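The structure appears right after this line, and notes come after that.
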Amino acid sequence: MTRRVVQTFAEWRTAARDLVARSIAPEYVEWASEPEDGDLFSGFGSQAGAAALKAAPPPGTELRLPRQLMDMIEDAACFNALDRWSFLYKVIWRWHLGERDVVSPADADGARLYAMVKAVHREQHDMHAYVRFRERKEEDGAPRFVAWFEPTHDVLPQVARHFARRMGPITWMIATPNQAILWDGEQLIEAPSLLRTAADIEDAGEALWLTYYRSIFNPARVNADLLRSHIPSRFWKNLPEGAIVPAMVTAANNGERRTGQTGTVGQRGGATSIPIAPERAQPQREVPTSLDQCRRCPLWENATQAVAGVGPAQARIMLVGEQPGDQEDLQGLPFVGPAGAVLQQAMQEAGVDRDSIYLTNAVKHFKWEPRGKRRLHKTPAQREVAACHLWLEEELKRVQPQVVVALGSTALKSLLQDGSATMTSMMNDGHPAPVQHDGRWVVTVYHPSYVLRAPDETARRQAYGVIVEGLRQALQLVGR
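Residue numbering for the sequence shown follows the working numbering, beginning at -4 and increasing consecutively.
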């Protein structure tokens, strides 16, 4: 039996690599977070463990994991579970033995890994949304702002990096029951938490905020059920407004609701026809502040998650596809499925470095239809493409690419904001023909998925050649 004491992901990674190199199966490893602690879910030993040991590669074999799997494991390591270290070691051990099903949602371990990653991402999102900084007196010195949060999972270091980017040189501290992180304007510093609750933080400006909150509260528009569904109850106790919202909701239900209504409500009788265009009769909806909150079309209801673009902040080339596929929907990354493999091969042949370009899709949620136990791709409707254009436009403004490569007709229609645009009109005798649009070059090629479903080998080679040619044109247009 081998015992390993780890407290951080870095310590676990070092220990795991050493154990794999020595061909020690998960059943013979006991993981602990403290020298006196033990992991009740590992180290039990069995005939299955002996079989796994026999099947192991010879000692000294180097562990090689794809970056995508390593990122998932690092995220899952934040999941608060007693057996997380032993479970993650089991995942990499199975991968090391060649069991690629371990990263499939259809596998029991794969399903748990995806669930852990999803829970951690949700906790990070909630912490971004519900951390409330309180201002300290200037004469008290640093940190200028302090916040208290009680996360379900160990996501404080990742979230701290987010706030360090957002708040610049302003000093702050986020405290949790287990630890605190201080930003001194230049670096993040971990320390034991000296706070016990949000009540330990004094904020002279909080009274002004609550006065403002009361003044904008409209009792006629309150929807308590919607309020509870948007903000889980565990966050209310640490929000400043959490102390006054219940009383205001109660007052609205007890008669104050009418103070927010016009004086003519309830005074008109009979059926009254009001001539108004249907589109103007729709309620005004706020633009969502993040992609995860997007409800602009119904696709979010059946998707696992929204899939945002990835790549350098100022990439000179942006590739725009149609929508996430099955694997992209599960992993939350664009072009990681079969079509992504075709695109990767085409980029290598064209001399395009994947890490230097920005990859995204015109539609951010996976549209599919069931076929037995499979989820089959379904082309998004024009109204869904139009609803999602907000996010593509935001990416174009933020990244400012010199060249955009449209992968397929859906991406082309979204980029040009023209539902009648066709790939034929953007090609010259079957070859990509770059055009200028909104101050940047647009190159149109086939979507990589077309290469996979083309009717014959000739069509596949022709489509693949167009993709490679278009990528080479993009490189030439940016001067590389």
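Glycine included, C-beta positions come from ideal geometry on N, C-alpha and C. The structure displayed is predicted, hence computed values, not measured ones.
Item                                                                                                                     : Value
Pair within 8 Å by beta-carbon distance, L328 and V347                                                                   : no
Start and end residues, alpha helix (DSSP H) containing F82                                                              : 79 to 91
Extent of the continuous alpha helix (DSSP H) run through H120                                                           : 103 to 125
Limits of the unbroken beta strand (DSSP E) element including N356                                                       : 353 to 356
Pairwise C-alpha distance: A142 and M168                                                                                 : 6 Å
Option nearest L286 by Cα separation, candidates H384, I165, Q431                                                        : H384
Pair within 8 Å by beta-carbon distance, A381 and V437                                                                   : no
Any alpha helix (DSSP H) of 4 or more consecutive residues that is wholly inside the stretch 404 to 470                  : 404 to 411, 443 to 448
Exposure label - P278; buried when at least 16 CB within 10 Å                                                            : Below a pLDDT of 50, predicted positions are generally treated as unreliable, and P278, at 47, falls in that range; the measurement from the model is reported next regardless. With fewer than 16 other Cβ atoms within 10 Å, it is exposed.
M(-4), DSSP secondary structure in three states                                                                          : coil
Which listed residue (S99, F144, I87, D66) has its alpha carbon closest to that of H116                                  : D66
Inter-residue spacing [alpha-carbon to alpha-carbon] between Y125 and L234                                               : 7 Å
Nearest neighbour of W26, chosen from M418, T3, D78, F140 [CA to CA]                                                     : D78
Stretch-stretch touch, CB-based, cutoff 8 Å, three pairs: the stretch 318 to 325 with the stretch 58 to 74               : no
Exposure of E364, with buried meaning 16 or more beta-carbon neighbours within 10 Å                                      : exposed
CB-CB length for A478 against W88, believed under 8 Å                                                                    : A question about residue 478 goes unanswered here, because the residues of the chain that appear run from -4 up to 475.
Completely contained beta strand (DSSP E) runs for the stretch 279 to 343, where each covers 3 or more residues          : 312 to 316
Residues that DSSP places opposite R370 in a beta bridge                                                                 : P365
CB contact flag (E476, H148, <8 Å)                                                                                       : The question about residue 476 has no answer, for the chain in this structure spans -4 to 475.
Classification of T9 by the beta-carbon crowding that lies within 10 angstroms, buried from 16 upward                    : exposed
Residues bridged to F128 (per DSSP)                                                                                      : Per DSSP, none; premise fails for F128.
CA-to-CA distance, V86 to P333, given in whole angstroms                                                                 : 23 Å
D13 burial status per 10 Å Cβ neighbour count (16 or more: buried)                                                       : exposed
Rounded separation between S81 and K113 - CA only                                                                        : 19 Å
Residue nearest to T3 in terms of C-alpha spacing, selected from T(-3), N75, Y23, S18                                    : N75
Cut-off 6 Å between Cβ atoms - residues of its own chain near F140, not counting five sequence neighbours on either side : F128, E130, W167
Backbone CA spacing between A247 and D121 [nearest angstrom]                                                             : 28 Å
Beta-bridge pairing of E25 - partner residues as DSSP gives them                                                         : R(-2)
Beta carbon of L391 nearer than 8 Å to that of S409                                                                      : no
Nonlocal neighbours in the same chain, by C-beta distance under 6 Å from E344, ignoring five residues either side        : V463
Check whether A357 and A406 have beta carbons under 8 Å apart                                                            : yes
Rounded separation between Q397 and L189 - CA only                                                                       : 50 Å
For A20, three-class secondary structure by DSSP                                                                         : coil
Inter-residue spacing [alpha-carbon to alpha-carbon] between V15 and V1                                                  : 16 Å
Local conformation of L472 per DSSP, three classes                                                                       : helix
Of the residues P450, F212, L466, the one placed nearest Y353, counting alpha carbons only                               : L466
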